[in-house]
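Chemist: Numbering (the working numbering), first residue to last: 30 to 477.
Heads up, the beta-carbon is just placed ideally off N, CA and C, and yes, glycines get one too.
First, the structure itself, so that you have it in front of you.
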Amino acid sequence: MITINKQIDPPKDNIFAYDLLDREETIKDLSHLITADTQPFVLSVNADWGAGKTTFIKLWQAYLTKEKQVKSIYFSAWEDDFTSDPLIAILGELDTYIEKNNSNLKGKFEKVIKDVLVVTLKGMATKFIGDEGVNVLEKSATTLIGNYQKEKDTLAEFKESIAEILQEIDKDKPFIIFIDELDRCRPLYAIECLERIKHIFGIERLVFVLSIDKKNLAESIKSQYGNIDADNYLRRFIDLEFELKNPSMDKFCDALWQKFQLDSILRSKKMNTYRTENRADHLFAMKTLAVRFDLSLRQIEQILTKLQIIFKTIQPRRLPETIFVLILFETLKSYDNSLYIDLTNGRVEAKKEVKALINAIKTDVFQDTTMERFKIYLSSIVDATALSNSELNTLIKQKKDELLLVESGNGKEHERLNSYIIFLEYNFDNSIPNAIRKINFANKFIFD
Numbered sequence: 030m031i032t033i034n035k036q037i038d039p040p041k042d043n044i045f046a047y048d049l050l051d052r053e054e055t056i057k058d059l060s061h062l063i064t065a066d067t068q069p070f071v072l073s074v075n076a077d078w079g080a081g082k083t084t085f086i087k088l089w090q091a092y093l094t095k096e097k098q099v100k101s102i103y104f105s106a107w108e109d110d111f112t113s114d115p116l117i118a119i120l121g122e123l124d125t126y127i128e129k130n131n132s133n134l135k136g137k138f139e140k141v142i143k144d145v146l147v148v149t150l151k152g153m154a155t156k157f158i159g160d161e162g163v164n165v166l167e168k169s170a171t172t173l174i175g176n177y178q179k180e181k182d183t184l185a186e187f188k189e190s191i192a193e194i195l196q197e198i199d200k201d202k203p204f205i206i207f208i209d210e211l212d213r214c215r216p217l218y219a220i221e222c223l224e225r226i227k228h229i230f231g232i233e234r235l236v237f238v239l240s241i242d243k244k245n246l247a248e249s250i251k252s253q254y255g256n257i258d259a260d261n262y263l264r265r266f267i268d269l270e271f272e273l274k275n276p277s278m279d280k281f282c283d284a285l286w287q288k289f290q291l292d293s294i295l296r297s298k299k300m301n302t303y304r305t306e307n308r309a310d311h312l313f314a315m316k317t318l319a320v321r322f323d324l325s326l327r328q329i330e331q332i333l334t335k336l337q338i339i340f341k342t343i344q345p346r347r348l349p350e351t352i353f354v355l356i357l358f359e360t361l362k363s364y365d366n367s368l369y370i371d372l373t374n375g376r377v378e379a380k381k382e383v384k385a386l387i388n389a390i391k392t393d394v395f396q397d398t399t400m401e402r403f404k405i406y407l408s409s410i411v412d413a414t415a416l417s418n419s420e421l422n423t424l425i426k427q428k429k430d431e432l433l434l435v436e437s438g439n440g441k442e443h444e445r446l447n448s449y450i451i452f453l454e455y456n457f458d459n460s461i462p463n464a465i466r467k468i469n470f471a472n473k474f475i476f477d
């Protein structure tokens, strides 16, 4: 089966076994902060799409449960955006928690729902625009004011009742509600979620942690309210903002390469993974090109998912050079699809542009000799792209003739040309067309 980068379930005996991005210390620091007292507040954890927010939240929740004995629930706004009201969904999660862990409180909690929650959920807006809208407008001002005061009192009673229940669950520690993937759900639902949960802000012992991509969430807000100041809007709900630092490109590629078991797939195909100290391997190629093309974490995740699909479909004992072709083409395609198309169509200007990008790769990332050979190798792939067998042989002969003209004292140029010729003879006339076909196949899959 295909491994998708889904949320993890941390093992209780080794919570940080899946902490491939070194988030343990951050989790411990935030845990000290969040358990310092029982004052209510709302904390947002902001990071880019694909930066591992859900894994971070899952690890944090598991750590709080085991090490701090802090009670919590997890709510995925994206998974539950089919519901009509997010507050009902969140309270449903709380009801499930109480039934499982504090069954003696279930009757009391359900009484709160029955007696006061209905009025709270309706709110004044529903009365004005719902089915009874016309009748409401006909009511006297005195009646409307009375209803407003009643709803205000009802909300206060509701908060008091929830606070009492939380105190009975644990009088010394806060109760955490983790709300994840707000930026990923329907824009309207994201807004509704914020607007609804504010009804239960400010309850003693109740802490909210919102996991968000602030840039994407801001777009959701603007899609509903126009050119609004999204930062100011979010400040209405969030007390503290925490920026979860993006993982380094190295760690992120390492983590997903390991999670998707790409080396294992290649070994099962009897293919060399080139894991040696003095030779560029496939993972090194992925890291280097991801940095060179300045790819986002989301782009890298999608590329590695596609590579996993391709690796599972290639024939056993395929030349390992094919993998380098795949990595170069997939990263280039993500960087500039038009340039990739021009290259695979054999356009000379595209080849020059791609080789210029390759030659600009810094050599301090890895051993100089290894990096230089790697750059020569990539250039040979570019030059061989879209050439027929006879055209490739002509190019090889031309380079061999050039090699004969290199002065014996120019050892560096001699080595460069010799390496280039060796790489050109790697049967690229077969591996490049095969790689393009596999990429076309993988790109028929749609990724979120």
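(1) Tell whether a beta-carbon distance below 8 Å holds between residue 282 and residue 247.
(2) Give every residue of the same chain whose Cβ lies closer than 8 Å to the Cβ of residue 408, excluding the five residues on either side of it in the sequence, and list them in chain order.
(3) Leaving aside the five residues before and after residue 192 along the sequence, list all residues of the same chain whose C-beta is less than 8 Å from its C-beta, in chain order.
(4) Counting only runs of 4+ residues fully inside the region 60 to 118, write out the alpha helix (DSSP H) ranges in chain order.
(5) Note down the Cα distance separating residue 99 from residue 125, rounded to an integer number of angstroms.
(6) Are there any heavy atoms of the ligand GDP lying less than 7 Å away from the beta-carbon of residue 331, as far as the coordinates show?
(7) Please go through the same chain and pick out, in chain order, the residues whose beta-carbon is closer than 8 Å to the beta-carbon of residue 106, but skip the five residues on each side of it.
(8) Ignore the nearest five residues each way along the sequence and tell me which others in residue 362's own chain have a CB closer than 6 Å to its CB.
(9) In this structure, how does DSSP classify residue 49 when only helix, strand and coil are distinguished?
(10) Looking at C-alpha atoms only, which residue of 257, 133, 381 is the closest neighbour of residue 198?
(11) Out of 118, 205, 293, which has the shortest C-alpha to C-alpha gap to residue 64?
(12) Per DSSP, residue 269 is paired with what?
(13) So, for residue 321: in the same chain, excluding its five sequence neighbours on each side, which residues have a beta-carbon less than 6 Å away from its beta-carbon?
(14) Write down the C-beta distance between residue 331 and residue 476 rounded to the nearest angstrom, noting that I regard them as a contact closer than 8 Å.
(15) Since residue 209 sits in a beta bridge, which residues does DSSP pair it with?
(16) Given a cut-off of 8 Å on the beta-carbon distance, is the pair residue 53 and residue 45 in contact?
(17) Relative to the C-alpha of residue 49, which residue among 76, 287, 373 is closest?
(18) Return the bridge partner residues of residue 240 from the DSSP annotation.
(19) Per DSSP, residue 204 forms a beta bridge with which residues?
(20) For residue 111, does the count of other Cβ atoms within 10 angstroms reach 16, so buried, or fall short, so exposed?
(21) Which residues in the same chain have their Cβ closer than 8 Å to the Cβ of residue 252, if we skip the five residues on either side of it in sequence?
(22) Following the continuous alpha helix (DSSP H) through residue 440, name the residue where it begins and the one where it ends.
(23) Would you decide whether residue 461 is buried or exposed? Buried here means 16 or more other CB atoms lie within 10 Å of its CB.
(24) Return the CA-CA distance between residue 441 and residue 434, expressed in angstroms with no decimal places.
(25) Hey, quick one: how far does the alpha helix (DSSP H) through residue 464 stretch, first residue to last?
(26) Got a sec? Which residues, its chain only, sit under 8 Å from residue 181 by beta carbon, not counting five neighbours each side?
(27) My output table needs one value for residue 324: the three-state DSSP class, helix, strand or coil.
(28) To the nearest angstrom, how far is it from the Cα of residue 109 to the Cα of residue 351?
(29) Taking only three categories from DSSP, how would you classify residue 133?
(30) Looking only at C-alpha atoms, which of 43, 455, 317, 349 sits nearest to residue 291?
(31) What's the gap between the Cα of residue 301 and the Cα of residue 328?
Modeler: Looking at the coordinates:
(1) Taking the first residue of the sequence shown as position 1, residue 282 is located at position 253. Taking the first residue of the sequence shown as position 1, residue 247 is located at position 218. For residue 282 and residue 247, no; Cβs fall outside 8 Å.
(2) Position 379 of the sequence shown holds residue 408. Apart from sequence neighbours up to five positions away, the residues of its chain that approach residue 408 with a beta-carbon distance below 8 Å are 384, 387, 388, 449, ordered along the chain.
(3) Walking along the sequence shown from the start, residue 192 turns up at place 163. Around residue 192: 232, 233, 234, 235.
(4) Runs found: 82 to 96.
(5) Within the sequence shown, numbered from 1, the residue matching residue 99 stands at position 70. Within the sequence shown, numbered from 1, the residue matching residue 125 stands at position 96. Distance between the alpha carbons of residue 99 and residue 125: 17 Å.
(6) The model on display carries no ligand, and the ligand GDP is accordingly not part of it.
(7) Taking the first residue of the sequence shown as position 1, residue 106 is located at position 77. Contacts found: 115, 208, 209, 210, 211, 213, 214, 218, 219, 222.
(8) Position 333 of the sequence shown, counted from the start, is the residue given in the question as residue 362. Cβ within range, chain order: 369.
(9) Position 20 of the sequence shown, counted from the start, is the residue given in the question as residue 49. Correct three-state label for residue 49: coil.
(10) Along the sequence shown, one-based indexing puts residue 198 at 169. Distance check between residue 198 and each of 257, 133, 381 places 133 closest, using alpha-carbon atoms only.
(11) Counting from one through the sequence shown, the residue named residue 64 turns up at place 35. Ranking the options by Cα distance to residue 64, first place goes to 205.
(12) As a first step, residue 269 must be located in the sequence shown, where it is residue number 240. Bridge pairing for residue 269: 72 [DSSP].
(13) Taking the sequence shown and counting its residues from 1, one reaches residue 321 at position 292. 390, listed in sequence order.
(14) Translated into positions along the sequence shown, residue 331 becomes position 302. Translated into positions along the sequence shown, residue 476 becomes position 447. The distance from the Cβ of residue 331 to that of residue 476 is about 5 Å, consistent with a contact at the 8 Å cut-off.
(15) Numbered from 1 along the sequence shown, position 180 holds the residue referred to as residue 209. Per DSSP, the beta-bridge partners of residue 209 are 105.
(16) In the sequence shown, the residue the question calls residue 53 occupies position 24. In the sequence shown, the residue the question calls residue 45 occupies position 16. For residue 53 and residue 45, yes; Cβs fall inside 8 Å.
(17) Here residue 49 is taken as the residue at index 20 of the sequence shown, counted from 1. The residue from 76, 287, 373 with its alpha-carbon nearest to that of residue 49 is 287.
(18) As a first step, residue 240 is located in the sequence shown; it is residue number 211 there, counting from the start. According to DSSP, residue 240 bridges with 74.
(19) Reading the sequence shown from its first residue, position 175 is the one you call residue 204. According to DSSP, residue 204 bridges with 100, 235.
(20) Position 82 of the sequence shown, counted from the first residue, corresponds to residue 111. Residue 111 is exposed by the Cβ-count criterion.
(21) Mapped onto the sequence shown, residue 252 falls at position 223. The residues 216, in chain order, have a CB closer than 8 Å to that of residue 252 in the same chain once the five nearest residues on each side in sequence are set aside.
(22) Position 411 of the sequence shown, counted from the start, is the residue given in the question as residue 440. For residue 440, the enclosing alpha helix (DSSP H) stretches over residues 440 to 453.
(23) Numbered from 1 along the sequence shown, position 432 holds the residue referred to as residue 461. That one is buried.
(24) Within the sequence shown, numbered from 1, the residue matching residue 441 stands at position 412. Within the sequence shown, numbered from 1, the residue matching residue 434 stands at position 405. In a straight line, the C-alpha of residue 441 is about 14 Å away from that of residue 434.
(25) Taking the first residue of the sequence shown as position 1, residue 464 is located at position 435. Run containing residue 464: 457 to 471, per the alpha helix (DSSP H) assignment.
(26) Position 152 of the sequence shown, counted from the first residue, corresponds to residue 181. A distance below 8 Å between beta-carbons, with the five flanking residues on each side excluded, links residue 181 to no residue of its chain.
(27) Within the sequence shown, the letter at position 295 stands for residue 324. Reduced to three states, the DSSP call for residue 324 is coil.
(28) As a working note, residue 109 is residue 80 in the sequence shown. As a working note, residue 351 is residue 322 in the sequence shown. Taking the straight line joining both Cα atoms gives about 42 Å.
(29) Translated into positions along the sequence shown, residue 133 becomes position 104. When DSSP states are grouped into helix, strand and coil, residue 133 belongs to the helix group.
(30) The sequence position of residue 291 within the sequence shown is 262, counting from 1. When the alpha-carbon of residue 291 is set against those of 43, 455, 317, 349, the nearest one is in 349.
(31) Reading the sequence shown from its first residue, position 272 is the one you call residue 301. Reading the sequence shown from its first residue, position 299 is the one you call residue 328. Distance between the alpha carbons of residue 301 and residue 328 is about 26 Å.
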